[in-house]
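Each protein sequence line maps, in turn, to chains H and L. Going by the working numbering, the residue at position 2 of the first sequence is 2; the numbering climbs one at a time, nothing skipped. Going by the working numbering, the residue at position 74 of the second sequence is 222; the numbering climbs one at a time, nothing skipped. Input: a single structure, listed below in structure tokens.
There are 2 protein chains.
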Amino acid sequence: MAEQSPPETDRSGRDKRLGLLIWYRISRIYNQSLKETGRHLKQWSISPAQFDALAQIGAHGRLSQQQLADKLFVTKGNITQLLSKLEESGLVKREQQWKTKYISLTEAGKELFDGAVPEQEWFQASQFDALDREEKKQLLALLKKIQH
Amino acid sequence: MAEQSPPETDRSGRDKRLGLLIWYRISRIYNQSLKETGRHLKQWSISPAQFDALAQIGAHGRLSQQQLADKLFVTKGNITQLLSKLEESGLVKREQQWKTKYISLTEAGKELFDGAVPEQEWFQASQFDALDREEKKQLLALLKKIQH
DNA sequence: TAACATCAGTTTAATCCTAAACTGATAAAA
DNA sequence: TTTTATCAGTTTAGGATTAAACTGATGTTA
């Protein structure tokens, strides 16, 4: 009986090891990529978080702060502080309507958006150029599956 | 001539989009996983960063601060602060030898290590259980390739 | 209309992290 | 032996982020 059943504990042990290795890889890739992104963005004097906000606002036009928070998967408290700095730098403006504040890009913000976003996105994407098109598709499919 | 050459600009455009989608996925998976990890670790009143440090120290025994920093891919300044808290909590101790400080777990640290590490690693790994063994291997191989 | 609930945004205190300047000890070279 | 370089760790200032408490306006209901 025992000989015929698959080595369950062993298999789950190996699976645990695999899962852990994946986690550490992802963690390193993410943090490395973030660091390089930060370096690359220095030419426009903005941070990765600021870039993400600008890209969303630029792409969607008028957004409330809560909507922006949802798109970026961060808290509204974070958005308040992020926007304070972007407003100070003259890149975005806030307009209150009823109890909602709508955010949009200023002229300077649009200029930065047009200049920085395409190049930065190209840079971001190029970090995966060790993979060919087929491999990228595979990777994306696997990543999607993780989030069921 | 034109008809026979592959649509280069188009292809690289699609590749850029794929690369970007991968980046956003990885970013979301990482941040989600980190948040859930934090929630799970609350039962031992430690943070993900503290857990990682304890796991390394527990696994490797005596380590200098610089060695620990290298293993965790963070700065030594960060380690100084991380260890201050772990020392305060009585989980690790530092012993100076020559100009190097060697870190090791206290009894309380070892106890926490034995209790928390296996369970936490299991939890961590289980976040990828939507993938079967073969898919995990594939994913890991692709991730490795990214870092060439 | 007065009391209450809801909801957007703000504030506060905390954690994690970095870069850069600093300290102090060892080692090497003049 | 004095000077200089190197190297481990610390400190400091600042950025990004969160959770939780707070503010103030709008809407609902008794």
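We put the CB at the ideal spot given by N, CA and C, even for glycine. All of these numbers come straight from a predicted model, not from anything done at the bench.
With a 10 Å radius around its C-beta and 16 neighbouring C-beta atoms as the bar for buried, classify Lys35(H) as buried or exposed. Residue environment for Lys35(H): exposed (fewer than 16 other C-beta atoms within 10 angstroms of its C-beta).
Is the stretch 45-56 of chain H close to the stretch 108-117 of chain H, with three or more CB pairs under 8 Å? Touching, per the Cβ criterion.
Using a Cβ-Cβ cut-off of less than 8 Å, list which residues of the stretch 270-293 of chain L approach chain H; keep chain order. Trp270, Gln272, Ala273, Ser274, Gln275, Phe276, Asp277, Ala278, Leu279, Arg281, Glu283, Lys284, Lys285, Gln286, Leu287, Leu288, Leu290, Leu291, Lys292 and Lys293
Leaving aside the five residues before and after Lys224(L) along the sequence, list all residues of the same chain whose C-beta is less than 8 Å from its C-beta, in chain order. Gln213, Gln214 and Ala217
Mind checking if Tyr172(L) is an interface residue toward chain H, Cβ cutoff 7 Å exclusive? no
Is Ala150(L) helix, strand or coil when you go by DSSP? For Ala150(L), the predicted model reports a pLDDT of 42, less than 50, meaning its position is unreliable and no value from the coordinates is stated.
Closest Cα partner of Glu87(H) within the set Ser104(H), Ala59(H) and Lys16(H): The option with the nearest alpha carbon to Glu87(H) is Ser104(H).
Is the stretch 241-248 of chain L close to the stretch 158-178 of chain L, with three or more CB pairs under 8 Å? Verdict: no, contact absent.
Length of the line joining the Cα atoms of Val222(L) and Asn31(H): 10 Å
Less than 7 Å between the C-beta atoms of Leu142(H) and Arg173(L), yes or no? no
Are the beta-carbon atoms belonging to Ile146(H) and Phe276(L) less than 7 Å from one another? yes
Is the Cβ of Ile194(L) closer than 7 Å to any Cβ of chain H? no
Note down, in chain order, every chain L residue with its Cβ under 7 Å from the Cβ of Ser27(H). Tyr178
Rounded Cβ spacing between Ala49(H) and Leu82(H) (contact assumed at less than 8 Å): Contact holds; Cβ gap of about 6 Å.
Just to make sure I have the definition right: I need the residues of chain L whose C-beta is within less than 7 Å of the C-beta of Phe73(H). Which are they? Arg176 and Asn179
Starting from the beta carbon of Gly58(H), find every residue of chain L whose beta carbon is closer than 8 Å, and list them in chain order. Those do not exist, as Gly58(H) stays about 15 Å from chain L at its closest Cβ, beyond 8 Å.
In the DSSP assignment, what residue or residues form a beta bridge with Lys241(L)? Ser252(L)
Mind checking if Leu216(L) is an interface residue toward chain H, Cβ cutoff 7 Å exclusive? no
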